[in-house]
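Working notes, structure below.
Number of protein chains: 2
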Amino acid sequence: MSKQKRAGVRQVASLAGVSVATVSRVLNTPDKVSPETAEKVRLAAEQLNFIPNSSARALSTSNTRSIGIVVPTLENLVHAKFLDALESSLAEKNYNLVVSTTRKGAIPESLKIRELVNIGVDALILPGLNHDAELLEYLRKSDISYVFSSVYDDRVADPTIGYDNYALGRKVARYLVSHGHRNILLLSGPLEGNDRTKLRLKGVRDELQQHFAHGYQPPLQILGLDTRSAHDYVCRQLEGSEGTAFSGATALLCLSDVIAIGALLAMEKKGITVPRDMSVVGFDNLEISEFTNPALTTVDLPVTEMGRKIAECVIDHLEHGTPMMSCLLDAELVIRDSVADLRQDSTDAR
Amino acid sequence: MSKQKRAGVRQVASLAGVSVATVSRVLNTPDKVSPETAEKVRLAAEQLNFIPNSSARALSTSNTRSIGIVVPTLENLVHAKFLDALESSLAEKNYNLVVSTTRKGAIPESLKIRELVNIGVDALILPGLNHDAELLEYLRKSDISYVFSSVYDDRVADPTIGYDNYALGRKVARYLVSHGHRNILLLSGPLEGNDRTKLRLKGVRDELQQHFAHGYQPPLQILGLDTRSAHDYVCRQLEGSEGTAFSGATALLCLSDVIAIGALLAMEKKGITVPRDMSVVGFDNLEISEFTNPALTTVDLPVTEMGRKIAECVIDHLEHGTPMMSCLLDAELVIRDSVADLRQDSTDAR
DNA sequence: CTGAAAGCGCTAACAA
DNA sequence: TTGTTAGCGCTTTCAG
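If you read the protein sequences in the order shown, they are chains A and B.
Quick note: my numbering has the first sequence finishing at residue 350, numbered continuously throughout.
Quick note: my numbering has the second sequence finishing at residue 350, numbered continuously throughout.
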């Protein structure tokens with residue numbers, strides 16, 4: 001029982017007493033084959049345990065049925081949730097997901113994209129708007145479709161499927177302001193190469209400027225992209241001279257939940273009660289954010305829906321030539337218990 | 001500037017004034033080509049922006065340079081960390097990772113494996129030991145290598161690269177017992193289809209039996225695989241009749257950090273102080289586990305190292321025929337602050 | 001060291 | 001509806 005040579009169309013054809021073309025047809029366009037012939041072929045195929053060789057098919061059709069995506073890292077629940085939904089939706093239509101990471105930005109994205117192009121992915125999913133222009137031009141000239149995820153911007157020509165990070169930034173800031181917060185400290189992960197975070201930040205700043213003096217810039221602290229950096233930063237603030245921590249801010253506006261949670265845990269450790277002593281909001285709505293103490297008020301990003309939507313869009317485009325359209329997904333601010341209402345009147349202002 | 005037709009070996013060959021065979025050689029076996037010829041070819045290739053078509057190459061060589069992995073879900077930081085390391089290591093050697101999920105077990109693993117085989121992955125990485133026997137037989141007969149991850153077991157014929165879940169279960173139980181815990185409640189995610197968790201559980205039970213009466217079975221509560229299920233379970237326990245919660249256990253031995261953290265947060269919410277009122281240990285050492293209050297004592301699974309090791313092993317096998325060997329990776333119990341020492345004497349017993 | 005030519009396994013005109 | 005046949009773009013004997 002040594003290495004079985006896998007059966008090919010030829011073997012199936014001869015067993016079924018038809019030509020290879022017919023075998024190929026029952027595989028791809030069954031309607032163009034008489035039911036009886038099709039049945040014969042199927043039987044033969046089953047008997048020989050026939051599995052079409054997808055490299056050969058890819059070579060012939062120049063479709064690999066694989067979709068590539070480049071993310072900075074897999075080690076991030078937001079990406080993971082998105083990828084999970086994406087994979088599920090693609091798998092349903094028999095497409096494969098090839099994931100590639102830039103190792104948190106250590107490797108140029110354009111290089112990883114090129115690699116995916118080289119292996120022949122049919123389409124590419126690229127998070128955010130900022131990508132190497134030359135590369136994009138190349139993609140356009142080649143036969144490779146691409147879509148930008150995690151953002152929505154109807155001003156760009158390329159399809160964007162995601163949420164409006166800028167508007168969400170404004171929304172969160174407005175929420176804080178409406179609850180009486182006037183001194184807000186912004187906590188962000190790395191900005192470099194992350195236009196989504198930048199957009200949120202811009203939204204926050206614009207909203208705050210509108211409410212306060214023109215030209216007002218809320219203080220901003222840039223941290224790493226892990227819980228530790230936020231945790232350690234907050235601890236350091238709190239260990240310093242008492243009272244002057246956070247320069248008197250009443251709220252920490254965190255541009256991701258990972259950071260918000262790090263801050264929450266650090267404050268708890270240092271005896272700062274949230275939201276009494278300090279309010280906190282985040283972005284992402286990770287699973288755990290519902291269960292922190294207090295439960296975190298945060299923006300629920302529709303990453304699962306985004307995964308589904310993108311898969312749908314890309315496949316529709318690939319199979320029926322439907323042009324890919326940008327699509328704005330709703331994101332809700334989910335209000336929980338980490339923000340204090342600082343307004344004088346205790347009436348429920350909406 | 002419409003659709004550029006990608007240059008192929010032919011074009012490169014004619015531009016360089018050589019045959020296609022030579023072009024292919026400079027690509028694959030440069031030592032078998034004279035330096036001058038090679039240089040000419042490289043120049044031509046560069047000029048034409050030549051990218052070898054990988055479907056054609058795959059068809060010719062029957063190697064796709066892609067490695068498949070099937071996991072229950074991507075939405076899990078332990079998997080994500082592993083996949084991240086795996087992808088990085090594979091990418092270094094120009095291999096691609098195709099991920100496939102069973103949607104938390106909703107789709108039979110064997111089906112997803114078959115799909116990966118059909119698209120022609122060169123090797124397969126399968127978490128745990130339990131897989132469809134028939135399918136494994138099929139993989140053996142075909143030319144597809146596979147390796148079991150997240151486990152180590154030198155008694156199985158197939159290569160296993162991972163940690164010894166059973167021994168780790170014993171280690172954790174022993175630690176608790178050595179700290180005076182006599183009444184331990186086990187909290188686990190779903191057992192079905194997860195032999196790693198089952199092994200940990202068995203290790204825990206065996207260790208406990210050894211210390212207590214023969215036939216002793218510690219109580220076990222099976223939960224879901226998310227934080228919520230643990231959180232809600234603990235809340236329910238604590239809301240019931242006071243004092244009888246957890247049937248008097250002094251420690252919660254959680255078979256994953258996600259569960260341990262859910263428990264931790266729930267207890268905090270309900271005013272139970274860890275470790276004073278209840279001790280907690282976990283498995284995984286998620287990034288956040290270091291920052292919970294109190295910091296979680298847990299088993300640090302070497303998933304990053306595992307990713308690297310597996311990539312290395314698989315590639316070595318694929319490229320040099322090196323037989324894949326099982327490999328046991330060390331996992332440490334990282335002792336933090338969530339376990340109380342209940343022993344009478346306060347001397348530091350080792 | 002290099003070239004000619006025969007595939008790899010499938011698809012898709014084109015013809016029947 | 002079915003069969004014949006010519007590729008898809010690359011690798012790889014086998015001669016030279």
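Note that CB positions come from ideal geometry on N, CA and C, so glycine has one too.
Buried or exposed: where does residue i fall if 16 or more other Cβ atoms within 10 Å of its Cβ makes it buried?
i              : result
residue 320(A) : exposed
residue 348(A) : Confidence at residue 348(A) is low in this model, with a pLDDT of 45, below 50, so its placement is unreliable and the value that follows should be read with caution. Residue 348(A) should be labelled exposed.
residue 200(B) : buried
residue 325(B) : exposed
residue 81(A)  : buried
residue 197(A) : buried
residue 2(A)   : Only weak support is given to the placement of residue 2(A): the predicted model assigns it a pLDDT of 39, under 50, and the question is left unresolved by the model.
residue 262(A) : buried
residue 210(A) : exposed
residue 191(A) : exposed
residue 332(B) : exposed
residue 165(B) : buried
residue 83(A)  : buried
residue 350(A) : Any reading at residue 350(A) must be qualified, since the residue scores a pLDDT of 36, below 50, and its modelled position is unreliable; no value is offered.
residue 156(A) : exposed
residue 94(A)  : exposed
At what residues does the beta strand (DSSP E) containing residue i begin and finish?
i              : result
residue 118(B) : Segment 109-119 is the alpha helix (DSSP H) holding residue 118(B); no beta strand (DSSP E) there.
residue 221(A) : 220-222
residue 188(B) : 184-188
residue 333(A) : 332-334
residue 71(A)  : 66-71
residue 354(A) : Residue 354(A) lies beyond the range of chain A shown here (1 to 350); nothing can be said about it.
Can the beta-carbon of residue i be found less than 8 angstroms from the beta-carbon of residue j?
i              : j              : result
residue 102(B) : residue 70(B)  : yes
residue 223(A) : residue 233(A) : yes
residue 292(B) : residue 265(A) : yes
residue 236(B) : residue 206(B) : no
residue 147(A) : residue 254(A) : no
residue 249(B) : residue 335(B) : no
residue 303(A) : residue 78(A)  : yes
residue 48(B)  : residue 13(B)  : no
residue 123(B) : residue 67(B)  : yes
residue 296(B) : residue 338(B) : yes
residue 117(A) : residue 142(A) : yes
Using a threshold of 7 angstroms, is the CB atom of residue i nearer than that to any non-hydrogen atom of the ligand SAH?
i              : result
residue 230(B) : Of ligands this structure carries none, so the ligand SAH is not represented either.
What residue range is occupied by the uninterrupted alpha helix (DSSP H) comprising residue i?
i              : result
residue 259(B) : 257-269
residue 315(A) : 303-320
residue 60(A)  : 54-61
residue 175(A) : 165-178
residue 36(B)  : 35-48
residue 227(A) : 227-239
residue 342(A) : Element bounds for residue 342(A): n/a, residue is neither H nor E.
residue 197(A) : 195-211
residue 140(A) : 133-141
residue 156(B) : Element bounds for residue 156(B): n/a, residue is neither H nor E.
residue 129(A) : Looking at the DSSP string, residue 129(A) is not in any alpha helix (DSSP H), and its letter there is neither H nor E.
residue 10(A)  : 9-16
Tell me, please, which residues DSSP counts as bridged to residue i.
i              : result
residue 94(A)  : In the DSSP output, where bridge partners are listed per residue, residue 94(A) has none listed.
residue 282(B) : 298(B)
residue 162(B) : 328(B)
residue 124(A) : 68(A) and 146(A)
residue 254(B) : 187(B)
residue 24(A)  : For residue 24(A), which the question treats as bridged, DSSP gives no partner whatsoever.
residue 100(A) : 70(A)
- Item | Members of the segment 92-103 of chain B near chain A, C-beta cut-off 9 angstroms | Contact residues of the segment 92-103 of chain B toward chain A are 94, 96, 97, 98, 99, 100, 101 and 103 (C-beta to C-beta distance below 9 angstroms).
- Task: Please list the residues of the segment 267-286 of chain A that have a C-beta atom closer than 7 angstroms to any C-beta atom in chain B, keeping them in chain order.
- Result: Cβ contacts with chain B come from 268 and 269.
- With 8 angstroms as the limit, tell me which residues of the segment 52-78 of chain A have their beta carbon closer than that to any beta carbon of chain B; keep them in chain order. For the segment 52-78 of chain A, the beta-carbon criterion of a distance under 8 angstroms to any beta-carbon of chain B is satisfied by 52, 53, 54, 55, 56, 58, 59, 62, 64, 65, 66, 73, 74, 75, 76 and 77.
- If you measure beta-carbon to beta-carbon, which residues of the segment 175-192 of chain B are closer than 8 angstroms to chain A? So the list is empty, because no residue satisfies the distance condition.
- Pull out every residue of the segment 197-231 of chain A whose Cβ sits closer than 8 angstroms to any Cβ of chain B, in chain order. Using a CB distance below 8 angstroms, the part of the segment 197-231 of chain A facing chain B consists of 226, 227, 228 and 231, ordered along the chain.
- Message: If the cut-off is 8 angstroms on Cβ atoms, which residues from the segment 287-312 of chain B count as contacting chain A, listed in chain order?
- Response: For the segment 287-312 of chain B, residues whose beta-carbon sits nearer than 8 angstroms to a beta-carbon of chain A comprise 287, 288, 290, 291, 292 and 293.
- Query: Using a Cβ cut-off of 7 angstroms, which residues of the segment 31-46 of chain B contact any Cβ in chain A, in chain order?
  - Reply: Answer in chain order: no residues at all.
- Interfacial residues, the segment 250-262 of chain A to chain B, with Cβ spacing under 9 angstroms: Against chain B - using a Cβ distance shorter than 9 angstroms - the residues of the segment 250-262 of chain A are 258, 261 and 262.
- Anything in the segment 101-123 of chain B with a Cβ closer than 7 angstroms to a Cβ of chain A? List those residues in chain order, please. Contact residues of the segment 101-123 of chain B toward chain A are 101, 103, 118, 119 and 120 (C-beta to C-beta distance below 7 angstroms).
- Taking a cut of 7 angstroms between CB atoms, which residues from the segment 81-92 of chain A lie near chain B? Cβ proximity to chain B below 7 angstroms picks out 81, 83, 84, 87, 88 and 91 from the segment 81-92 of chain A.
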